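Novice:
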Amino acid sequence: MSKKSVVIVGAGVAGMATAITLAKNGFDVTIFEKNAQSGGRCGQILHDGHRFDLGATILLMPSIYRTVFKSLGLNFDECFDLKDLSTIYKLYFGNGEHLIISRDDAVMKPQLEAMESGSFIRYKAYIQMGYAFFRDSYKNLLSRNFYNLFQFATPGNVIMLVRLKTYLKHSTFIRKFFKNTNLQQAFTFQNIYVGQSPLKAPALFSMLPAAEMIEGAFFPVGGMHQIALKLESVAKEVGVKFVFNMTVGKIETDGNRAKTLVCSDGTTIKCDLIVVNADLPYAYGNLLPDNKISARLDRKTYSCSAIVFHWGLSKAYPQFEHHSIFLSKNYSESLDAIFGHHSLSENPSFYIHAPVHTDPTAAPEAEDSISVIIPVGHLDKKNPRDWEAVKKMARAEVLKRLAFDGFSDLEDHIKFEICYTPVAWNSIYNVSHGSVFGSIGHNIMQMGYFRPHNRHDRYHNLYFVGDSTHPGNGVPLVLLSAKLTSERILKENSQI
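Residues 1204 to 1699 in my numbering are what the sequence shown lists, from first letter to last.
(1) Just the Cα atoms here: how many angstroms apart are SER1642 and ALA1328?
(2) For VAL1575, does the count of other Cβ atoms within 10 angstroms reach 16, so buried, or fall short, so exposed?
(3) Along the chain, where does the alpha helix (DSSP H) that runs through TYR1329 open and close?
(4) Does DSSP classify HIS1544 as helix, strand or coil?
(5) Look at CYS1507 and HIS1581 and say whether their C-beta atoms are less than 8 angstroms apart.
(6) Between the Cα of ALA1214 and the Cα atoms of ASN1228, THR1471, ASN1348, VAL1232, which residue gives the shortest distance?
(7) Looking at C-beta atoms only, is the number of pairs between the stretch 1435-1446 and the stretch 1401-1421 that lie closer than 8 angstroms three or more?
(8) Can you tell which of PRO1358, ILE1573, VAL1681 has its C-alpha closest to the C-alpha of ILE1733?
(9) Applying the criterion that 16 or more other CB atoms from any shown protein chain within 10 Å of the CB defines a buried residue, is MET1648 buried or exposed?
(10) Compute the distance between the beta-carbons of ILE1211 and VAL1634, then report whether it is under 8 angstroms.
(11) Look at PHE1408 and ASN1394 and say whether their C-beta atoms are less than 8 angstroms apart.
(12) Going by Cα to Cα distance, which pick from TYR1485, ASN1459, CYS1474, THR1450 is closest to THR1468?
(13) Can you give me the start and stop residues for the alpha helix (DSSP H) that ASP1457 sits inside?
(14) Using the beta-carbon count (16 or more within 10 Å), is ILE1699 buried or exposed?
(15) Would DSSP call VAL1232 helix, strand or coil?
(16) Beta carbon of LEU1464, beta carbon of ILE1472: below 8 angstroms?
(17) Can you tell me whether DSSP reads TYR1652 as helix, strand or coil?
(18) What's the gap between the Cα of ASN1480 and the Cα of ALA1317?
(19) Spatial neighbours of TRP1628 within its chain, please: C-beta separation below 7 angstroms, excluding the five flanking residues on both sides.
(20) Cα-Cα, which of ARG1347, LYS1532, GLY1276, VAL1678 is closest to LEU1225?
(21) What is the rounded straight-line gap between the Cα of LEU1371 and the Cα of ALA1406?
(22) Classify THR1672 as helix, strand or coil using the three-state DSSP reduction.
(23) In chain order, what residues of the same chain lie with their CB nearer than 7 angstroms to the CB of GLY1488, ignoring the 5 residues before and after it?
(24) Using the Cβ count rule (16 or more neighbours within 10 Å means buried), how would you classify LYS1686?
(25) Three-state secondary structure (DSSP) at CYS1466?
(26) Count the C-beta pairs between the stretch 1345-1363 and the stretch 1276-1286 that are closer than 8 angstroms, then say yes if the count reaches three, no if not.
(27) Tell me the DSSP bridge mates of SER1506?
(28) Below 8 angstroms CB to CB, which residues in the same chain sit around VAL1443 once its five sequence neighbours on both sides are set aside?
(29) Kindly provide the ranges of any alpha helix (DSSP H) runs that are 4 or more residues long and lie completely inside the stretch 1364-1398, ordered along the chain.
(30) Out of SER1205, ARG1254, VAL1209, point me to the one whose CA is closest to GLY1192's CA.
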C-alpha cells in the first residue's frame, strides 16, 4: 500500500523536526521552502568571511532541546559543539552602571550586594521561584496538546494559572525582590526574548531569567544555524525531500479537506496531509479562504519587531562579551514607544551579539562580526512609519550609546552593513506585522487552548507548527510545537 503523502510549507526548524518524525513513521514527506536555505529566522548570513546568525543568537532551555531531539532519536549534546557561556551577558544600564550576569554565585553576590544590600538572597529566591514556574508550566501547559476547551479549562489548570501568577505583571512581581530599578530591569528585560513588554508581561515569564541561571546559556560553534543544518541533514537521511526557492501561493480546499498546494510557478501538488510551518496568521490571510478567521487573528495582540544591523568590522573588539545588553536611561518611555506607539524612542535599548568572543570562526582573524538588535514596534497599518527614517535614527542612537560606553571608534571600522527592518521580516519571511520574535504574542488569552490551534478547525488534514501556534515563541517552544503537532498527526492519521 502506498504511503500517505505530506507536504510541509516552510523549512523552519519546526517544519523539519515534524518532517523527521513523520518520515520515520512511514509518511512520504516533501518540504517546500520559499528561500534558498533552511532554518527560516534561524538562518545565517555569510559575507566576506564574516558569519552572522539571522535571528536567534542564544541557546536557552537546553532541557527542551534534549527532549525534542530525543523524540527524533538524537542525542542533542552529541549533535553540536556547545559552548557553555560562563558570562551569560553584560548589562550596561542607562546611568552608567554595569552588571555581569553569570551562573557563578561568586561573581553575582558582590555585584548584587554593591547595588542593593541583601539582594543576593532575594535574587536566589527569585530564581528558584521562576524556575518552579518553568517546571510547572512545562509539565501542565507547554508540553501537552489540548484537544478541546474542557481539557484546558479544568479546576486543576485554573489553580495552576493562579499558581503561575498569570494575573500579576512581571514588573510588579519583581518589586517584591528588588527595590533597585536597575536590578528590576536586569531580571525582567528577558521578556523581549519572546517579543513581550517587560512592563506588561505576566509574572509567569520570570521563568525566562530563571531558566538562564539554572540550566545555563549555550552557543553552538558555527552559530545557531547549526540547529537547522542538523535537522535538514537528518531529514534527508530519513527520506524527506526538499524543494527550495519555491513559494506556495495558495492552499486549495474541497469541503472539509485541504487538497492541493498551488505554487508561484503554477505547479500544483496534491497530498493527503498539509503541515504549515509558514507564519500562521500569514497562512490564514494569504494561503487559505478563511477571511473571517484571518480578520479575527489580525485583532490579536502581536509581538514587537526589531531592526537588526549586521556589521562586519575590520577590528576585533574583545571588550564585548558574547552577549551585551544596553538598557535605555529612559527605560519605561522606550518600552512605551515600542509597545504603545509601535515605533522607537530616542536612546533605545538594544542588544549586541559578538560570537567571535566564543567562536573565532565567525570572522576573519583580528576582525569582528557583531549583530545589533534594536527592539521596535511592529508594522501597524493604522499608524504607518517611515522605517528608513527609523532605521537611520536607530543606527545613530546605537553608535552614540556605544561611544558613551567606550566603543568610540567602532563606526570607523565598519567594513559593511546588512540591515533588516520590520518591512524586511514581513516581505522575506512572511512574518505578520514583521513581528520577528514570533508574530502572535503571549498573554493569558493567547496561551494554551486559547492560542491558535495546531490543527485547522474545519480542514482536519491541515496542521500548523511554529511560533504562532501552541505552545509559543522562541526556538525551544517552536521545537516543542513540532513534537506536539507530530504527536497529534500520528494520533489522528494511521499510516498503513
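Glycine included, C-beta positions come from ideal geometry on N, C-alpha and C.
All values reported here derive from a predicted model rather than from experimental measurement.
Specialist: Well, looking at it:
(1) 32 angstroms
(2) buried
(3) 1322-1340
(4) coil
(5) yes
(6) VAL1232
(7) no
(8) Given a span of 1204 to 1699 for the chain in the structure shown, any question on residue 1733 remains unanswerable.
(9) exposed
(10) no
(11) yes
(12) Sequence inspection shows Asp at residue 1468; the Thr mentioned does not correspond to that position. Selected option, being the one with the closest Cα: THR1450.
(13) Unbroken run through ASP1457 is the beta strand (DSSP E), 1451-1457; no alpha helix (DSSP H).
(14) The predicted position of ILE1699 is uncertain, since its pLDDT is 42 and thus under 50; a value taken from the coordinates is nonetheless stated next. So ILE1699 ends up on the exposed side.
(15) strand
(16) yes
(17) helix
(18) 47 angstroms
(19) SER1508, VAL1634, GLY1637, VAL1639
(20) GLY1276
(21) 6 angstroms
(22) coil
(23) SER1497
(24) buried
(25) strand
(26) no
(27) SER1506 is not bridged to any residue.
(28) MET1219, ALA1222, ILE1223, ALA1226, VAL1232, THR1233, ILE1234
(29) 1373-1376, 1384-1389
(30) Nothing about residue 1192 can be reported from this structure: the residues present for the chain run from 1204 to 1699 only.
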